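Engineer: Structure provided below as structure tokens; questions to follow.
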Amino acid sequence: MFSLKGKIALITGASYGIGFAIAKAFANAGATIVFNDIKQELVDKGLTAYEAEGIKAHGYVCDVTDEDAVNALVATVEKEVGVIDILVNNAGIIKRIPMHEMSAAEFRQVIDVDLNAPFICAKAVIPSMMKKGGGKIINICSMMSELGRETVSAYAAAKGGLKMLTRNIASEYGEYNIQCNGIGPGYIATPQTAPLRELQADGSRHPFDSFIIAKTPAARWGNPEDLAGPAVFLASEASNFVNGHILYVDGGILAYIGKQP
């Protein structure tokens, strides 16, 4: 029931990091991998990485915030590869800026990539999923769907909105056998979070790194591979009656109040 054999999966922004790890897991479960990135050089980098893993992936340049470009991408994929069975809205950005210093343009950019783009991509694939009789949509949410923190007002707002978009897609299209769920990663060791894990000049841990280790019952950052199993579950027939759910893969942070000083 966890097999993805014969399925076509589109994972946005999957040249590296979390998206790449999810795509690799899907390929190992039998899926055909399609991914995009915003620049040709990133697509080429991704294709090289997939080839090194023995995976034949289909890579395309596409800005997921551009509705016309996304519609063209989906049409091209349907023509060249086949109808998309699984969509993973993975592409995202974060800007760590105190709210009172953040411009409205910067706020809008984060909302555009992290919330509007998943809407655009889901909207593009849903009609063919309806005709085919089912499909899977997985939105990469965040613990910031539930929690706030300094400097990430736009990101938290976008991910909170993405959580509710996930639930509404489930509500609106569940009768068509389309399941839409979210994955809420905890703090994952990726290039995006690398600055938060850099050693200080004296060799000590970054203060935020120490904070996360102390707040996580697993006492470590997650790895992209930690998301592989949950993603395969939500993409497979094993989750056919799971809809509108956010699966937090956070090492236990959301369940933990922290150690007493």
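Residue numbering for the sequence shown follows the numbering used here, beginning at 60 and increasing consecutively. Glycine included, every Cβ here is placed at the ideal spot set by N, Cα and C. Treat the numbers as computed from the prediction; the structure is a model and nothing was measured.
(1) Drop a sphere of 10 angstroms on the beta-carbon of T107, count the other beta-carbons inside from all chains shown, and report buried for 16 or more, exposed for fewer.
(2) From A11 to A176, what distance separates their C-alpha atoms?
(3) At the level of alpha carbons, what is the spacing between A314 and K64?
(4) First and last residue of the beta strand (DSSP E) that includes A68?
(5) Tell me whether the beta-carbon of G241 lies closer than 8 Å to the beta-carbon of C200.
(6) Roughly how many angstroms separate the alpha carbons of M60 and F85, rounded to a whole number?
(7) With I52 and D173 assumed to form a contact (beta carbons below 8 Å), what rounded beta-carbon distance in angstroms separates them?
(8) For P276 and E110, what's the separation of their Cα atoms in angstroms?
(9) Does the region 254-261 come close enough to the region 292-310 to have 3 or more Cβ pairs within less than 8 Å?
(10) Which of the three DSSP states is assigned to P157 in this structure?
(11) Find the nearest neighbour of F223 within the set F178, S263, Q251 and A150, judged by alpha-carbon distance.
(12) Go ahead and label M158 buried or exposed: buried means 16 or more other beta carbons lie within 10 angstroms of its beta carbon, across all protein chains shown.
(13) Look at the alpha carbon of V129 and the alpha carbon of Y119, and state the distance between them as a whole number of angstroms.
(14) Which complete alpha helix (DSSP H) runs does the region 100-181 hold, if anything under 4 residues is left out?
(15) Tell me the residue span of the beta strand (DSSP E) that contains K195.
(16) Taking three-plus beta-carbon pairs below 8 Å as touching, is the region 141-149 in contact with the region 67-79?
(17) Looking at C-alpha atoms only, which residue of A290, A73 and M188 is the closest neighbour of E137?
(18) According to DSSP, what are the bridge partners of T91?
(19) Where does K115 land, buried or exposed, given buried means 16+ other C-beta within 10 angstroms?
(20) Between the beta-carbon of V184 and the beta-carbon of L146, is there less than 8 Å?
(21) For the alpha helix (DSSP H) that contains N240, what are its first and last residues?
(22) Let's test the definition: count the other Cβ atoms within 10 Å of the Cβ of A163 and tell me whether it reaches 16, buried, or not, exposed.
(23) Here's the rule I'm using: 16 or more other beta-carbon atoms within 10 Å means buried, otherwise exposed. How should F94 be labelled?
(24) Where DSSP assigns a beta bridge to G310, which residues make up the other side?
(25) Between the Cα of G219 and those of I228, A229, S230 and G207, spot the shortest distance and give me the residue it belongs to.
Structural biologist: On the basis of the coordinates in this document:
(1) Your numbering for residue 107 matches position 48 in the sequence shown. T107 should be labelled exposed.
(2) For the chain, the structure presents residues 60 to 320; residue 11 sits outside this window and is missing.
(3) As a working note, residue 314 is residue 255 in the sequence shown. As a working note, residue 64 is residue 5 in the sequence shown. One C-alpha to the other measures close to 35 Å.
(4) Position 9 of the sequence shown holds residue 68. Judged by DSSP secondary structure, A68 falls within the beta strand (DSSP E) whose first and last residues are I67 to T71.
(5) In the sequence shown, the residue the question calls residue 241 occupies position 182. In the sequence shown, the residue the question calls residue 200 occupies position 141. Between G241 and C200, the gap from beta carbon to beta carbon is short of 8 Å.
(6) Against the sequence shown, residue 60 aligns to sequence position 1. Against the sequence shown, residue 85 aligns to sequence position 26. Answer to the nearest angstrom: the Cα atoms are 13 Å apart.
(7) Since the displayed the chain opens at 60 and closes at 320, residue 52 lies outside it and no answer follows.
(8) One-based indexing of the sequence shown puts residue 276 at position 217. One-based indexing of the sequence shown puts residue 110 at position 51. For P276 and E110, the distance between alpha carbons rounds to 36 Å.
(9) Flag = no, the region 254-261 and the region 292-310 do not touch.
(10) Taking the first residue of the sequence shown as position 1, residue 157 is located at position 98. Three-state DSSP puts P157 in coil, outside helix and strand.
(11) The residue labelled residue 223 in the question sits at position 164 within the sequence shown. Correcting the residue type first, residue 223 is Met in the shown sequence and not Phe. The residue with the shortest Cα to Cα distance from M223 is F178.
(12) Against the sequence shown, residue 158 aligns to sequence position 99. Result: exposed.
(13) Residue numbering aside, residue 129 sits at position 70 when the sequence shown is read from its first letter. Residue numbering aside, residue 119 sits at position 60 when the sequence shown is read from its first letter. Put simply, the backbone Cα of V129 is about 11 Å away from that of Y119.
(14) 126-139 and 163-170
(15) Here residue 195 refers to the residue found at position 136 of the sequence shown. G194 to I199 is the extent of the beta strand (DSSP E) around K195.
(16) Yes, the region 141-149 touches the region 67-79.
(17) Locating residue 137 in the sequence shown gives position 78, where the first residue counts as 1. Of A290, A73 and M188, the residue nearest in Cα terms is M188.
(18) Counted from its first residue, the sequence shown places residue 91 at position 32. BP columns for T91 point to I67.
(19) Working through the sequence shown from its first residue, we reach residue 115 at position 56. Its Cβ having fewer than 16 others within 10 Å, K115 is exposed.
(20) Within the sequence shown, residue 184 is the residue found at index 125, counting from 1. Within the sequence shown, residue 146 is the residue found at index 87, counting from 1. Going by C-beta atoms, V184 is nearer than 8 Å to L146.
(21) Numbered from 1 along the sequence shown, position 181 holds the residue referred to as residue 240. No alpha helix (DSSP H) holds N240; the beta strand (DSSP E) holding it covers I237 to P244.
(22) Residue 163 sits at position 104 when you count from the first residue of the sequence shown. Flag for A163 reads exposed.
(23) In the sequence shown, the residue the question calls residue 94 occupies position 35. Burial call: buried.
(24) Here residue 310 refers to the residue found at position 251 when the sequence shown is read from its first residue. G310 is not bridged to any residue.
(25) Here residue 219 refers to the residue found at position 160 when the sequence shown is read from its first residue. Of the candidates I228, A229, S230 and G207, the one whose C-alpha sits nearest the C-alpha of G219 is G207.
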